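Numbering (this note's numbering), first residue to last: 1129 to 1313.
Using N, Cα and C, we set each Cβ at its ideal position, and we do this for glycine too.
All figures in this text were calculated on a predicted structure; none of them were measured in a lab.
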């Protein structure tokens, strides 16, 4: 049974009972997952930019798009139109496959992992997780990695009340090990 059907059968019904919703549209839902990686330090090297994009593609199963600088910033040596990152937005089956891979394979491979921090919610109940090394994913061949690079994973959750507690219940139910008192991974 995959995560999508688990959500629909178990988590959805449990949330309806716990929070006593009157309408099924009030139940928090995982809308999408956004994955962003900055490549500003190697933006001038086309091979490094391509390597970063291929790594994100291997992790997510979807081709990322390049993001470009909107304006020049001399202090950071960035020119207008220069590539500064890659991003992917996952929805549907790919989103649930990524969640399953992240929870069951990648996070247990993090050294001294004791859980995810609870303080990573924003005001709209989105949860952002920073991953320091892309090599925790089994899809990445360690021998081909030229540079250890991190990226952000944002879980976009739709709730009718923007309650952090409702979003936390959803994320724990889908398998994210979020604990109190953690500073980060």
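Specify, as a first and last residue, the run of the beta strand (DSSP E) that residue i falls within.
i	result
residue 1220	Element bounds for residue 1220: not the beta strand (DSSP E) but the alpha helix (DSSP H), 1220 to 1229.
residue 1285	1279 to 1286
residue 1263	Element bounds for residue 1263: n/a, residue is neither H nor E.
residue 1195	1193 to 1196
Can you tell which of the options has the C-alpha that lies nearest to the C-alpha of residue i?
i	options	result
residue 1260	1247, 1281 and 1251	1281
residue 1178	1226, 1283, 1219 and 1275	1275
residue 1230	1247, 1213 and 1262	1262
residue 1286	1235, 1204 and 1161	1161
residue 1277	1232, 1207, 1213 and 1199	1213
residue 1238	1258, 1198, 1308 and 1246	1258
residue 1207	1221, 1197 and 1215	1197
residue 1204	1220, 1234, 1172 and 1225	1172
residue 1227	1143, 1250 and 1284	1284
residue 1210	1216, 1195, 1221 and 1220	1195
residue 1267	1169, 1255, 1147 and 1233	1233
residue 1293	1220, 1170 and 1248	1248
Which of helix, strand or coil does DSSP assign to residue i?
i	result
residue 1214	strand
residue 1272	helix
residue 1298	helix
residue 1159	strand
residue 1241	coil
residue 1153	helix
residue 1304	coil
residue 1164	strand
residue 1312	Confidence at residue 1312 is low in this model, with a pLDDT of 48, below 50, so its placement is unreliable and no value can be given for it.
Residue i and residue j: beta carbons closer than 9 Å?
i	j	result
residue 1138	residue 1301	yes
residue 1174	residue 1192	no
residue 1298	residue 1156	yes
residue 1218	residue 1252	no
residue 1304	residue 1223	no
residue 1176	residue 1167	yes
residue 1143	residue 1149	yes
residue 1165	residue 1215	yes
Residue i and residue j look like a contact to me (Cβ under 8 Å); what is the Cβ gap, rounded to whole Å?
i	j	result
residue 1350	residue 1163	Limits of the chain in this structure are 1129 at one end and 1313 at the other, which puts residue 1350 out of reach.
residue 1246	residue 1308	5 Å
Could you pull the start and end residues of the alpha helix (DSSP H) that residue i belongs to?
i	result
residue 1145	1140 to 1147
residue 1188	1174 to 1188
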